[in-house]
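Visitor: One line per chain: the protein sequences are A and B, in this order. 4 is the number of the first residue of the first sequence in the numbering used here; add one for each residue after it. 4 is the number of the first residue of the second sequence in the numbering used here; add one for each residue after it. Backbone N, C-alpha and C fix where the C-beta goes; we use that ideal spot for every residue, glycine too.
2 protein chains.
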Amino acid sequence: MQDQTIGSWLEELGSSAPAPGGGAAAALEVAMGAALVEMVCNLTIGKPAYAEHEETMTAVRERAEMIRREALGLAAEDASAFSAVIAAYKLPRGTDDENEARSAQIQAALAVAADVPRRTAAAASEVLDLAERIVPGGNVNVISDAAAAAGAARGALTSAEVNVDANRSSITDPALRDELDAVLVSIARDLARADEIVAAVRERMAG
Amino acid sequence: MQDQTIGSWLEELGSSAPAPGGGAAAALEVAMGAALVEMVCNLTIGKPAYAEHEETMTAVRERAEMIRREALGLAAEDASAFSAVIAAYKLPRGTDDENEARSAQIQAALAVAADVPRRTAAAASEVLDLAERIVPGGNVNVISDAAAAAGAARGALTSAEVNVDANRSSITDPALRDELDAVLVSIARDLARADEIVAAVRERMAG
Chain A
4 MQDQTIGSWL EELGSSAPAP GGGAAAALEV AMGAALVEMV CNLTIGKPAY AEHEETMTAV
64 RERAEMIRRE ALGLAAEDAS AFSAVIAAYK LPRGTDDENE ARSAQIQAAL AVAADVPRRT
124 AAAASEVLDL AERIVPGGNV NVISDAAAAA GAARGALTSA EVNVDANRSS ITDPALRDEL
184 DAVLVSIARD LARADEIVAA VRERMAG
Chain B
4 MQDQTIGSWL EELGSSAPAP GGGAAAALEV AMGAALVEMV CNLTIGKPAY AEHEETMTAV
64 RERAEMIRRE ALGLAAEDAS AFSAVIAAYK LPRGTDDENE ARSAQIQAAL AVAADVPRRT
124 AAAASEVLDL AERIVPGGNV NVISDAAAAA GAARGALTSA EVNVDANRSS ITDPALRDEL
184 DAVLVSIARD LARADEIVAA VRERMAG
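1) In terms of residues, what are the limits of the alpha helix (DSSP H) holding A108/A?
2) Taking beta-carbon pairs under 8 Å, can you tell me which members of the stretch 46-78 of chain A lie near chain B?
3) Compute the beta-carbon to beta-carbon distance between A163/A and A29/A, rounded to the nearest angstrom, for a pair I have assumed lies under 8 Å.
4) Mapping DSSP to helix, strand and coil, what is T47/B?
5) If you measure between the beta carbons of A125/A and V167/A, is that distance less than 7 Å?
6) For D132/A, which residues of its own chain have a beta-carbon under 8 Å away from its beta-carbon, when the five flanking residues on both sides are left out?
7) Does DSSP put T161/A in a helix, in a strand, or in coil?
8) Does the Cβ of M69/A have 16 or more other Cβ atoms within 10 Å, making it buried, or fewer, making it exposed?
9) Would you say G140/A reaches chain B, if we count a Cβ-Cβ gap shorter than 7 Å as a contact?
10) Output, in sequence order along the chain, the residues in the stretch 119-130 of chain A whose CB is closer than 8 Å to any CB in chain B.
11) In whole angstroms, what separates the C-alpha of V165/A from that of G158/A?
12) For I89/B, which of H56/B, A27/B, Q108/B has the nearest alpha-carbon?
13) Pull up the distance between the alpha-carbon of M35/B and that of A151/B, whole angstroms please.
14) Between V43/B, S19/B, T175/B, which has its C-alpha nearest M60/B's C-alpha?
15) Could you please give the first and the last residue of the uninterrupted alpha helix (DSSP H) stretch that includes D184/B?
16) Could you check which residue in A111/A, A202/A, E14/A, A84/A has the C-alpha nearest to that of M138/A?
17) Have a look at P23/B, I146/B, D99/B, R180/B and flag the residue whose alpha-carbon is nearest the alpha-carbon of S86/B.
18) Who are the neighbours of E206/B on chain A, taking C-beta pairs under 8 Å?
19) Please compile the residues from chain B whose C-beta is within a distance smaller than 8 Å of the C-beta of S218/A.
20) Counting along the chain, where does the alpha helix (DSSP H) carrying I9/B start and finish?
21) Compile a chain-ordered list of the residues in the stretch 185-210 of chain A whose CB is closer than 9 Å to at least one CB of chain B.
22) Return the CA-CA distance between A112/B and N170/A, expressed in angstroms with no decimal places.
23) What distance in whole Å lies between the Cβ atoms of L31/B and A84/B, which are believed to be in contact at a cut-off of 8 Å?
24) Identify the contact partners of T8/B in chain A, using a Cβ-Cβ distance below 8 Å as the criterion.
25) Are the Cβ atoms of A37/A and V130/A separated by less than 7 Å?
26) Note down, in chain order, every chain A residue with its Cβ under 7 Å from the Cβ of A28/B.
27) Establish whether the CB of T2/B and some CB of chain A are separated by less than 7 Å.
28) Leaving out five residues before and five after T47/A in sequence, what residues of the same chain have Cβ atoms less than 6 Å from its Cβ?
29) Confirm the yes/no value for this check: CB of A38/A, any heavy atom of the ligand NAP, distance under 6 Å.
30) Tell me whether the beta-carbon of A67/A lies closer than 7 Å to the beta-carbon of E41/A.
31) Which residues of chain B have a Cβ atom closer than 7 Å to the Cβ of D181/A, listed in chain order?
32) Verify whether the separation of the beta carbon atoms of A149/A and A134/A is less than 7 Å.
33) Under 7 Å, Cβ to Cβ, is there at least one residue of chain B near N102/A?
34) According to the Cβ coordinates, are V33/B and E80/B closer than 7 Å?
35) Tell me where the alpha helix (DSSP H) around I70/B begins and ends.
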């Protein structure tokens, strides 16, 4: 994904190919959110008026850069997890042994597939943490981009939410279903938190 | 932007270069939302179970493809509008004539700069219209991507909101300020509408 042009990736996203889909889009939204946080840090660091925030900005920038680089890997994992689910559904049915092996394979593939949006949501949540940290001390001329970062991370959270939802409904293991319920609760909390960050940015902009 | 690799664009987004910033990110979010709508249409069209929705899907897909292609143009306009504002602020000050010319130039550049997020918001709003239209009849196996589309468009709306806000505060023309207030009201309405679309998708997925 990293080395693909934006135009050709968007073309694939819109095509009938099952991947890239919402999972890859979410990964890119996380990367965009992280990059926007980095940008605010880069335009704050070194400015005498913001000297007291320099340490925070440097730490946040380092972590944001890491998330930006890692996020695109989630898109690749999403595609391969999705293929594994499709392949499992295509396994032969007929004898009891075949049916049992197929069911087990489907469940294993679904567990992996549900793990990717969970990790995407965790990365989006961390982008929100970083955006929150730069709201008070980021260069006020570009602080609107901290809100844009929260908005992008929120988009990723929405995508992760419906993908966890979709996988959860086919999963039979009660323990894993409970875990995914907890993930959905934490995503709902982060959706609200993203809105709070945007409100805090607008308040700071209003002076 | 179209022909740039995703990795290098993200690198620029995170850098201290003033563009690309939140405006370009919003344009890409609109394009992603449009592409996800297209994908749902492409995976619904031709399926006998969804034959009655074929006409809607074909019309929506056509419009979504157009928005996807046009959205990236907004990123380029955002960058040039931003450069024009910076250039206007750098005009000479001193004599009354110079000061007046500079102020007029700044106001003209700000009006153009405020127009880009306004049009980005309009495009995001149209992505929401399209997502709304496919929720009832889109292939249920991929309908989660209609929610992901709404989430991406919502990210663009957030970025447009803070950018309109930022420009509005420096604009002196009362008529234009009123217009931008109306834009902010309509963005707020669309932010809520995006959440409603996600809820409608989750309801359809549940059963």
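Guide: According to the structure shown:
1) Going by the sequence as given, residue 108/A is Gln instead of Ala. Q108/A -> alpha helix (DSSP H) spans 99-137.
2) L46, A67, E68, R71, L75
3) 6 Å
4) coil
5) no
6) none
7) helix
8) exposed
9) no
10) none
11) 11 Å
12) Q108/B
13) 9 Å
14) V43/B
15) 177-209
16) Note that residue 138/A is Val in the sequence shown here, rather than Met. The option with the nearest alpha carbon to V138/A is A202/A.
17) P23/B
18) By Cβ distance, chain A contributes nothing, its closest Cβ being about 11 Å from E206/B, past 8 Å.
19) No information on residue 218/A is available, as it lies outside the stretch 4 to 210 that chain A covers here.
20) 9-17
21) L194, A197, D198, V201, V204, R205, M208, A209, G210
22) 49 Å
23) Actually they are not in contact, since the Cβ atoms of A84/B and L31/B sit about 17 Å apart, beyond 8 Å.
24) Q5, D6, Q7, T8, I9
25) yes
26) M35, L39, A151, A155
27) In the structure as shown, chain B begins at 4 and stops at 210. Residue 2/B is therefore absent and cannot be evaluated.
28) Y53, M60, G141, N142
29) Because no ligand of any kind appears in the structure shown, any question about the ligand NAP cannot be addressed here.
30) yes
31) The contacting residues do not exist; D181/A stays about 18 Å from chain B at best.
32) yes
33) no
34) no
35) 57-92
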